[in-house]
Amino acid sequence: MDLSSINSLLLLASLMVASTPILLAGLGELVVERAGVLNLGVEGMMITGAVCGFAIGFETGSALWGFAAAAAAGAVLSLVFGVLTQILMSNQVATGLALTLFGLGLSSLIGQGYVGERGVNVPDVPLGPLADLPVVGPILFRHDAVVYLSLFLCLAIWLFLYRSRAGLVLRSVGESAEAAHALGTKVVRIRLAAIAFGGACAGLGGAYLSLVRVPQWTDGMTSGAGWIALALVVFSSWRPWRLLLGAYLFGGLTVLQLNLQAAGVKLPVEYLSMAPYILTILVLVIISSGRGRAALGAPAALGRSFHAAA
Amino acid sequence: MSALLQVRGLSKAYPGVVANKDVDLTVQQGEIHALLGENGAGKSTLVKAIYGLVKPDAGTMALLGKPYAPPEPRAARRAGVAMVFQHFSLFDALSVAENVGLGMETPPRLRVLAAEIAQVSRAYGLPLDPAARVGDLSAGARQRVEIVRCLLQEPKLLIMDEPTSVLTPQEVEILFATLQKLAREGTSILYISHKLEEIRALCRRATILRRGRVVGTCDPRSVSTAQLAELMVGTSLKRPDREGRNRGPVVLALKDLSVPAPGRFGTALSGIRLTVEGGEIVGIGGVAGNGQDELLAALSGELPVGPRMIELEGEEIGTLGPVARRRLGLLAAPEERLGHAAAPDMSLTENAALTGWMREPILRRGFLDWKAARSFAQKVIESFDVRTPGPGTAARALSGGNLQKFVIGREVLQRPRVLVVNQPTWGVDAAAAAAIRQALIDLARGGAGVVVITQDLDEILELADRFAALNAGRLTPPVPTEGLTMERIGLMLGGAHDMDVARPDEAHQIMESYDAPA
Numbered sequence: 128m129d130l131s132s133i134n135s136l137l138l139l140a141s142l143m144v145a146s147t148p149i150l151l152a153g154l155g156e157l158v159v160e161r162a163g164v165l166n167l168g169v170e171g172m173m174i175t176g177a178v179c180g181f182a183i184g185f186e187t188g189s190a191l192w193g194f195a196a197a198a199a200a201g202a203v204l205s206l207v208f209g210v211l212t213q214i215l216m217s218n219q220v221a222t223g224l225a226l227t228l229f230g231l232g233l234s235s236l237i238g239q240g241y242v243g244e245r246g247v248n249v250p251d252v253p254l255g256p257l258a259d260l261p262v263v264g265p266i267l268f269r270h271d272a273v274v275y276l277s278l279f280l281c282l283a284i285w286l287f288l289y290r291s292r293a294g295l296v297l298r299s300v301g302e303s304a305e306a307a308h309a310l311g312t313k314v315v316r317i318r319l320a321a322i323a324f325g326g327a328c329a330g331l332g333g334a335y336l337s338l339v340r341v342p343q344w345t346d347g348m349t350s351g352a353g354w355i356a357l358a359l360v361v362f363s364s365w366r367p368w369r370l371l372l373g374a375y376l377f378g379g380l381t382v383l384q385l386n387l388q389a390a391g392v393k394l395p396v397e398y399l400s401m402a403p404y405i406l407t408i409l410v411l412v413i414i415s416s417g418r419g420r421a422a423l424g425a426p427a428a429l430g431r432s433f434h435a436a437a
Numbered sequence: 149m150s151a152l153l154q155v156r157g158l159s160k161a162y163p164g165v166v167a168n169k170d171v172d173l174t175v176q177q178g179e180i181h182a183l184l185g186e187n188g189a190g191k192s193t194l195v196k197a198i199y200g201l202v203k204p205d206a207g208t209m210a211l212l213g214k215p216y217a218p219p220e221p222r223a224a225r226r227a228g229v230a231m232v233f234q235h236f237s238l239f240d241a242l243s244v245a246e247n248v249g250l251g252m253e254t255p256p257r258l259r260v261l262a263a264e265i266a267q268v269s270r271a272y273g274l275p276l277d278p279a280a281r282v283g284d285l286s287a288g289a290r291q292r293v294e295i296v297r298c299l300l301q302e303p304k305l306l307i308m309d310e311p312t313s314v315l316t317p318q319e320v321e322i323l324f325a326t327l328q329k330l331a332r333e334g335t336s337i338l339y340i341s342h343k344l345e346e347i348r349a350l351c352r353r354a355t356i357l358r359r360g361r362v363v364g365t366c367d368p369r370s371v372s373t374a375q376l377a378e379l380m381v382g383t384s385l386k387r388p389d390r391e392g393r394n395r396g397p398v399v400l401a402l403k404d405l406s407v408p409a410p411g412r413f414g415t416a417l418s419g420i421r422l423t424v425e426g427g428e429i430v431g432i433g434g435v436a437g438n439g440q441d442e443l444l445a446a447l448s449g450e451l452p453v454g455p456r457m458i459e460l461e462g463e464e465i466g467t468l469g470p471v472a473r474r475r476l477g478l479l480a481a482p483e484e485r486l487g488h489a490a491a492p493d494m495s496l497t498e499n500a501a502l503t504g505w506m507r508e509p510i511l512r513r514g515f516l517d518w519k520a521a522r523s524f525a526q527k528v529i530e531s532f533d534v535r536t537p538g539p540g541t542a543a544r545a546l547s548g549g550n551l552q553k554f555v556i557g558r559e560v561l562q563r564p565r566v567l568v569v570n571q572p573t574w575g576v577d578a579a580a581a582a583a584i585r586q587a588l589i590d591l592a593r594g595g596a597g598v599v600v601i602t603q604d605l606d607e608i609l610e611l612a613d614r615f616a617a618l619n620a621g622r623l624t625p626p627v628p629t630e631g632l633t634m635e636r637i638g639l640m641l642g643g644a645h646d647m648d649v650a651r652p653d654e655a656h657q658i659m660e661s662y663d664a665p666a
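If you read the sequences in order, they're chains F and V.
Numbered per our numbering, the first sequence spans residues 128 to 437.
Numbered per our numbering, the second sequence spans residues 149 to 666.
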């Protein structure tokens with residue numbers, strides 16, 4: 128075993144890259160849940176985004192088009208969920224699970240011609256002298272645009288939720304759809320918009336995996352990232368900055384276990400690769416034990432269907 | 149005086165029910181107009197149409213002579229119509245200021261709004277802390293939030309849907325003083341209620357609805373309460389007969405019953421002492437949210453309590469769960485009919501079996517005997533005159549009054565030693581309420597102890613032998629109801645809390661100062 132082979136600078140730098148997919152997907156789901164909708168289909172939307180992003184990026188040779196297509200695909204898929212649950216009043220949990228299964232199958236179908244192909248190159252953002260700074264340069268300033276987009280999204284969502292009237296209306300819908308309706312808020316429309324936004328974010332997160340992180344298309348390549356994103360939302364108590372913290376924590380753990388494997392730690396690989404998922408389960412158990420979900424600050428109307436009586 | 153609002157021939161039908169049929173209503177400027185009717189008479193539908201929440205099938209409305217048909221509440225608010233809802237349209241997790249801002253068309257910045265709320269609310273005698281989280285407020289304070297939200301928009305017409313059901317008598321008096329001053333300043337108020345005394349104290353004109361139709365318009369001061377009631381209900385009602393009961397030994401004793409608050413917005417119970425004798429009905433009053441649900445849960449066994457805190461006929465049962473308590477004869481009927489007292493999508497037979505299997509011969513060697521369950525459900529339906537096609541009907545399909553009769557009847561027919569009920573006649577029409585009250589009295593006549601937790605003070609005076617008030621999780625010592633006045637009851641319920649007499653002139657000055665450019 129040779130732990131000295133782990134370069135801590137590279138480890139921290141790859142942490143940001145490893146965290147970006149779950150951060151993006153988690154941010155989207157956070158907005159969806161703040162509107163009172165529980166979409167368990169994050170995994171399905173992520174992988175659909177991953178395959179669409181890779182395919183369009185491959186065909187057009189442009190990473191930008193790839194990411195755009197991934198966001199669009201995620202949004203379209205999420206609107207299937209939206210129409211089913213918000214307009215046709217289907218059960219949110221069951222529909223979300225179905226969406227995951229559907230997304231996995233669909234991505235496998237679309238991706239058949241792309242297995243083994245080499246993806247497009249996603250350039251880093253040239254930040255000039257910042258990138259040459261010692262220590263912080265390689266950690267913070269040598270990344271691609273999507274990493275910075277995810278940080279910007281975190282700020283934007285925080286501002287939206289807590290500093291804008293539209294965000295207040297969205298939170299009110301998540302607290303009590305009936306009361307919001309009584310005040311004249313278009314509950315279903317707001318929820319559909321939130322769902323589409325969440326889908327687009329999940330799609331972007333998936334595309335980041337297939338275009339930057341891996342960068343290749345393989346079946347089932349999200350391998351549970353969507354579920355980690357869902358756990359992150361709970362872990363963050365539905366707050367954007369805590370979600371960022373949580374995402375980097377999980378991302379760090381993923382990177383660390385890869386590095387430990389490479390360094391030849393005498394521990395079966397399986398234990399290392401299951402670590403993030405065990406942490407997910409632990410977080411969910413610790414956080415939901417005891418005082419119930421109200422104590423966590425969960426939106427009061429989370430997962431409840433709303434049907435206007437008029 | 150000229151007409152502010154005119155409604156002509158308004159009709160609205162839902163699948164299976166006609167909520168409003170050819171309703172005419174005229175509200176003059178600056179008057180407090182009562183809209184009177186039983187639960188389900190169509191009052192709420194009518195005002196929802198005026199507020200733009202419901203689109204009427206037919207009919208026209210005019211506001212100040214101009215045609216008025218708000219497609220949504222926003223349009224109604226712009227036209228000067230504001231509404232205080234019966235079930236609060238507030239968000240627990242948000243602050244007072246955020247809640248107020250959500251109900252306004254163009255709210256100022258949150259900090260300005262908070263200052264405005266603090267001042268206006270004080271001036272109207274409805275003090276509020278703008279930063280407080282609504283979920284932590286009492287029911288009375290929540291209503292103040294709703295009222296202040298409306299007042300900040302200076303409405304021409306203020307609709308109030310049963311505003312007093314959560315207030316103490318003292319708070320009601322202050323609210324009425326505020327409303328009268330508002331009316332004197334020219335605001336019209338459409339006041340919905342089924343409480344006749346209130347209407348007689350407050351309103352000069354009343355429109356009475358029955359089954360969706362207007363059955364009369366009158367000055368409530370010039371007709372007797374009995375006449376009003378007859379107009380409202382359609383038949384005359386008889387008061388329940390309380391005579392012929394003998395007191396027995398103590399059946400239920402609570403000894404320093406204390407329970408921590410379940411959940412963030414729950415109420416902790418502390419040091420509750422009470423004894424209930426056989427044949428006695430004890431009424432427990434209180435404004436909503438003062439520990440009623442927790443008390444019922446502690447008695448039914450849903451909330452765990454200390455071993456010595458509850459005695460049933462001398463036996464300590466604090467640690468027993470609901471099933472064991474039911475076996476011993478302590479039965480309970482919670483407030484929430486659908487979802488707590490009954491499973492909405494299960495049939496009446498299944499619902500009867502769910503609480504009946506401990507005391508009725510419904511179980512045979514561990515298996516359910518559906519025939520016995522069905523006949524038990526049938527017995528409840530027949531003895532309590534539950535209007536339903538049969539025991540196979542889903543609980544959800546029953547009207548509120550009928551389901552409540554079923555839920556209470558199901559417990560009464562199990563011959564309890566002690567029965568605890570929470571809000572037994574809430575949202576139930578007068579005829580069904582009378583039947584339920586009579587059933588509770590008959591149960592006490594048979595020797596059982598009955599605890600009635602209710603927010604309806606008339607119900608306490610009608611039913612209970614002794615009365616105790618629940619206030620912030622503490623119970624006052626019980627007093628006999630004979631000779632008890634409403635005022636005394638109000639003081640026991642905590643008096644006016646921190647409400648204050650209104651000073652509308654000051655409020656106006658404050659509001660005008662905001663309109664002026666800063």
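From the three backbone atoms N, C-alpha and C, an ideal C-beta is built for every residue, glycine too.
From a predicted model like this one, the values you see are computed outputs, not experimental measurements.
At a cut-off of 8 Å between beta carbons, residue 298 of chain F contacts chain V.
In this structure the segment 567-586 of chain V touches the segment 540-550 of chain V; the number of beta carbon pairs closer than 8 Å is three or more. Listed by position along chain F, the residues whose Cβ is nearer than 8 Å to that of residue 539 of chain V form an empty set, because the closest Cβ is around 28 Å away.
Counting C-beta pairs closer than 8 Å gives fewer than three between the segment 403-415 of chain V and the segment 600-610 of chain V, which falls short of the contact rule. In the structure shown, the three-state DSSP call for residue 515 of chain V is strand.
Straight-line spacing of the CA atoms in residue 379 of chain F and residue 142 of chain F works out to 5 Å. Cβ contact annotation for residue 211 of chain F (same chain, cutoff 7 Å, sequence separation greater than five): 217, 222, in chain order. The three-state secondary structure of residue 425 of chain V, taken from DSSP, is strand.
According to the DSSP assignment, residue 357 of chain V belongs to the beta strand (DSSP E) that extends over 353-358.
Its chain contains 245 as the residues whose beta carbon lies nearer than 6 Å to that of residue 258 of chain V, once the 5 sequence neighbours on both sides are disregarded; these appear in chain order.
In the DSSP assignment, residue 618 of chain V is bridged to V/623.
Shown here, residue 399 of chain V sits in a strand according to DSSP, grouped into three states. Only 427 from the segment 423-434 of chain F bring a Cβ to less than 7 Å from some Cβ of chain V.
In this structure, the CA atom of residue 524 of chain V is about 16 Å from the CA atom of residue 542 of chain V. Assignment of residue 495 of chain V by DSSP, reduced to helix, strand and coil, places it in the strand class. Taking one beta carbon from each stretch, the segment 281-291 of chain F and the segment 198-209 of chain F have fewer than 3 pairs nearer than 8 Å; the two do not touch. Residue 185 of chain V sits buried, since 16 or more C-beta atoms from the chains shown fall within 10 Å of its C-beta. Residue state for residue 329 of chain V is assigned as helix, using DSSP reduced to three classes. Taken through DSSP and simplified to helix, strand or coil, residue 529 of chain V comes out as helix. Nearest to residue 324 of chain V by C-alpha distance, out of V/302, V/292, V/300, V/301, is V/292. Here DSSP, grouped into helix, strand and coil, assigns residue 181 of chain V to strand.
Remark: C-beta atoms of residue 571 of chain V and residue 508 of chain V do not approach each other more closely than 8 Å. Between the segment 390-402 of chain V and the segment 193-209 of chain V, the count of Cβ pairs shorter than 8 Å is below three; the stretches do not touch. For residue 151 of chain V, the enclosing beta strand (DSSP E) stretches over residues 151-162. A residue is called buried once 16 or more other Cβ atoms fall within 10 Å of its Cβ, and residue 349 of chain V, having fewer, is exposed. For residue 264 of chain F, there is no enclosing beta strand (DSSP E); the enclosing alpha helix (DSSP H) has its first and last residue at 263-267. Residue contact with chain V for residue 311 of chain F: present (Cβ-Cβ distance below 8 Å to some residue of chain V). One Cα belongs to residue 297 of chain F, the other to residue 330 of chain F, and the distance between them is close to 22 Å. Taken in chain order, the complete beta strand (DSSP E) segments of 3 or more residues contained in the segment 460-496 of chain V are 478-481.
By the CB criterion at 8 Å, residue 337 of chain V and residue 296 of chain V fall outside the cutoff. Per DSSP, reduced to three states, the secondary structure at residue 604 of chain V is coil, with no helix or strand assignment.
About 4 Å separates the beta carbon of residue 325 of chain F from that of residue 159 of chain F, a gap short enough to meet the 8 Å contact definition.
In this structure residue 617 of chain V is buried. Its beta-carbon is surrounded by 16 or more other beta-carbon atoms within 10 angstroms. Contact of residue 221 of chain F with chain V by beta-carbon distance below 7 Å is absent, the smallest such distance being about 16 Å. At the C-beta level, residue 306 of chain V and residue 344 of chain V stay beyond 8 Å of one another.
Counting along the chain, residue 308 of chain V sits inside the beta strand (DSSP E) bounded by residues 305-309.
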